[in-house]
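Novice:
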Amino acid sequence: MSTPHNSAEKGAFAKTVLMPGDPLRAKYVAENFLENPTLVNNVRGVRGYTGTWKGKAVSVMASGMGMPSMGIYSYELFAFYDVENIIRIGTTGSISEKLHVMDIFLAQAACTDSNWQSQYHLPGTFAPIADFGLIMKTVEQAKAARLNVNVGNVLSSDVFYYDDPDHAKPWQKMGIMALEMESAALYMNAARLGKKALTICTVTDHLLTGEELPAEMRQNNLNQMITLALNVAADI
Numbered sequence: 015m016s017t018p019h020n021s022a023e024k025g026a027f028a029k030t031v032l033m034p035g036d037p038l039r040a041k042y043v044a045e046n047f048l049e050n051p052t053l054v055n056n057v058r059g060v061r062g063y064t065g066t067w068k069g070k071a072v073s074v075m076a077s078g079m080g081m082p083s084m085g086i087y088s089y090e091l092f093a094f095y096d097v098e099n100i101i102r103i104g105t106t107g108s109i110s111e112k113l114h115v116m117d118i119f120l121a122q123a124a125c126t127d128s129n130w131q132s133q134y135h136l137p138g139t140f141a142p143i144a145d146f147g148l149i150m151k152t153v154e155q156a157k158a159a160r161l162n163v164n165v166g167n168v169l170s171s172d173v174f175y176y177d178d179p180d181h182a183k184p185w186q187k188m189g190i191m192a193l194e195m196e197s198a199a200l201y202m203n204a205a206r207l208g209k210k211a212l213t214i215c216t217v218t219d220h221l222l223t224g225e226e227l228p229a230e231m232r233q234n235n236l237n238q239m240i241t242l243a244l245n246v247a248a249d250i
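So for the sequence shown, the numbering used here puts the first residue at 15; every next one is plus one.
1. What do you get for Pro18, buried or exposed, if any count of 16 or more other CB atoms within 10 angstroms of its CB means buried?
2. To which residues does DSSP link Ala123 through a beta bridge?
3. Specify whether the stretch 215-227 and the stretch 92-112 touch according to this definition: at least 3 beta carbon pairs, one from each stretch, less than 8 Å apart.
4. Where are the beta strand (DSSP E) runs, 3 residues long or more, that stay fully inside the stretch 40-107, in chain order?
5. In this structure, what does DSSP give as the bridge partners for Phe173?
6. Can you name the start and end residues of the alpha helix (DSSP H) that Lys210 belongs to?
7. Are the stretch 115-127 and the stretch 61-73 in contact at 8 Å, needing three or more beta carbon pairs?
8. Under three-state DSSP, which class holds Val153?
9. Quick check: what's the CA-CA separation for Thr139 versus Glu226?
10. Return the chain-ordered list of same chain residues with a C-beta closer than 6 Å to the C-beta of Gly85, the five sequence neighbours on each side being excluded.
11. Is Met239 helix, strand or coil when you go by DSSP?
12. Which residues share a DSSP beta bridge with Thr17?
13. Which value, in whole angstroms, describes the spacing of the CA atoms of Asn46 and Ser21?
14. What does DSSP give as the partner residue(s) for Ile118 in the beta ladder?
15. Among all the DSSP beta bridges, which residues are the ones paired with Val31?
16. Just the C-alpha distance for Ala192 and Gly25, rounded to the nearest angstrom, thanks.
17. Under three-state DSSP, which class holds Ala182?
18. Do Ile101 and Val31 have their CB atoms nearer than 9 Å?
19. Roughly how many whole angstroms lie between the Cα atoms of Thr52 and Lys29?
20. Would the beta-carbon of Ile250 fall within 9 Å of that of Asn50?
21. Could you round the C-beta distance between Pro34 and Gly104 to whole angstroms and report it? I think they count as a contact, below 8 Å.
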């Protein structure tokens with residue numbers, strides 16, 4: 015079993031896959047959290063591993079940056095490797111006064127400026143949403159760990175360097191809390207294929223205040239998010 019982007023054998027991935035954007039973060043999760051991790055894919059340097067967490071098989075594989083990349087890797091995992099749940103573990107930029115640097119954010123829904131949905135030929139606008147059960151399990155696990163999590167709407171954008179410096183203001187007026195680049199494609203793939211998905215992000219910068227997470231604090235904060243996602247995976 016292989017695809018143009020994945021050399022793993024059939025059955026090499028667990029039913030739940032954590033997906034950071036960065037291949038090196040996938041390696042970090044595998045080597046520092048999973049028990050007995052095995053490298054199952056490394057096509058184009060996009061590392062995929064399977065191991066266990068609290069006795070439950072869990073995989074971690076990078077998605078790359080942006081919706082086209084997330085769209086490819088999540089589709090192949092869902093459609094060809096029998097993966098049932100994908101939890102994106104990434105970073106995000108806040109555009110809300112309620113969401114601060116170092117906060118953990120769950121993307122309940124994902125607005126987008128992408129043309130991704132056009133392939134479905136829908137007679138209207140599709141609203142990509144996370145799986146409610148995964149949201150509830152994450153909130154429950156966060157409470158058990160005494161972690162505060164924020165739940166809200168995110169914008170998945172195709173653009174990182176905007177020409178318009180005020181690009182976020184119209185979205186902010188509509189209650190969008192944060193910006194990132196992958197969740198809408200992940201959620202639409204899950205909807206189309208009858209699977210489950212959720213984005214859990216750590217806020218690393220604030221677009222309104224200019225606040226950024228210092229480099230020396232970034233890793234510890236991401237560890238909280240990673241552990242939370244792994245506990246959810248073990249509870250599915």
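Just so you know, even glycine gets a beta-carbon here, dropped at the ideal spot from N, CA and C.
Specialist: Taking the structure as given:
1. Translated into the one-based positions of the sequence shown, residue 18 becomes position 4. By the neighbour-count criterion, in which a residue is buried when 16 or more other Cβ atoms sit within 10 angstroms of its Cβ, Pro18 is exposed.
2. Numbered from 1 along the sequence shown, position 109 holds the residue referred to as residue 123. Beta-bridge pairing links Ala123 to Ile143 and Asn167.
3. Note that the stretch 215-227 touches the stretch 92-112; at least 3 beta-carbon pairs, one per stretch, sit closer than 8 Å.
4. 49-55, 62-67 and 70-75
5. Taking the first residue of the sequence shown as position 1, residue 173 is located at position 159. The question names Phe, but residue 173 in the sequence shown is Val. DSSP, once it has assigned bridges, lists no residue as partnering Val173.
6. Translated into the one-based positions of the sequence shown, residue 210 becomes position 196. Note, Lys210: premise wrong, no alpha helix (DSSP H); beta strand (DSSP E) at Lys210 to His220.
7. no
8. Residue mapping note: residue 153 aligns to position 139 of the sequence shown, counting from 1. Residue state, collapsed to three classes: helix.
9. One-based indexing of the sequence shown puts residue 139 at position 125. One-based indexing of the sequence shown puts residue 226 at position 212. Going from the Cα of Thr139 to the Cα of Glu226 covers about 34 Å.
10. Position 71 of the sequence shown, counted from the first residue, corresponds to residue 85. Excluding residues within five positions, the ones whose Cβ falls inside 6 Å are Ala199.
11. One-based indexing of the sequence shown puts residue 239 at position 225. Of the three classes helix, strand and coil, the one that applies to Met239 here is helix, per DSSP.
12. Taking the first residue of the sequence shown as position 1, residue 17 is located at position 3. Note: Thr17 sits in a beta bridge opposite Asn20.
13. Along the sequence shown, one-based indexing puts residue 46 at 32. Along the sequence shown, one-based indexing puts residue 21 at 7. For Asn46 and Ser21, the distance between alpha carbons rounds to 24 Å.
14. Locating residue 118 in the sequence shown gives position 104, where the first residue counts as 1. Note: Ile118 sits in a beta bridge opposite Val163 and Thr216.
15. For the purposes of this step, residue 31 is taken as residue 17 along the sequence shown, with counting starting at 1. Paired residue(s): Ser73 and Ile100.
16. The count along the sequence shown starts at 1 and reaches residue 192 at position 178. The count along the sequence shown starts at 1 and reaches residue 25 at position 11. Taking the straight line from one Cα to the other gives about 35 Å.
17. For this step, residue 182 is matched to residue 168 along the sequence shown. Ala182 falls in the coil class under three-state DSSP.
18. Reading the sequence shown from its first residue, position 87 is the one you call residue 101. Reading the sequence shown from its first residue, position 17 is the one you call residue 31. Yes, these two residues count as a Cβ contact at 9 Å.
19. For the purposes of this step, residue 52 is taken as residue 38 along the sequence shown, with counting starting at 1. For the purposes of this step, residue 29 is taken as residue 15 along the sequence shown, with counting starting at 1. Whole-angstrom Cα-Cα distance: 15 Å.
20. By 1-based counting over the sequence shown, the position of residue 250 is 236. By 1-based counting over the sequence shown, the position of residue 50 is 36. Not a contact, by the Cβ cut-off of 9 Å.
21. Residue 34 sits at position 20 when you count from the first residue of the sequence shown. Residue 104 sits at position 90 when you count from the first residue of the sequence shown. That belief holds up - the Cβ atoms of Pro34 and Gly104 are roughly 6 Å apart, short of 8 Å.
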